[in-house]
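In the UniProt record's numbering, the protein residues as written are 1 to 78.
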């Protein structure tokens, strides 16, 4: 991991987590505590909107292709 990426990862954890849990030991933090913190962090942030794809071309469905004579004969002979 590059030093810059490591610094980014540390700040992403430190900024929302440290003020919330301050000096709590990791062994004292329960999964419920983590879920509550994630919910709280999620409430403060807007959900990113999906971009609409503008370049899609609407195409008509193709007509079914007629089966070959040999395929039709095989179906009827069974």
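Even glycine gets a Cβ: it sits at the ideal position worked out from N, Cα and C.
Residue range 3 to 21 is occupied by the alpha helix (DSSP H) that includes residue 11. The continuous stretches of alpha helix (DSSP H) do not include residue 66, and DSSP gives it neither H nor E.
In the structure shown, the three-state DSSP call for residue 27 is helix. In the three-state reduction of the DSSP assignment, residue 58 falls in the coil class, being assigned neither a helical nor a strand state.
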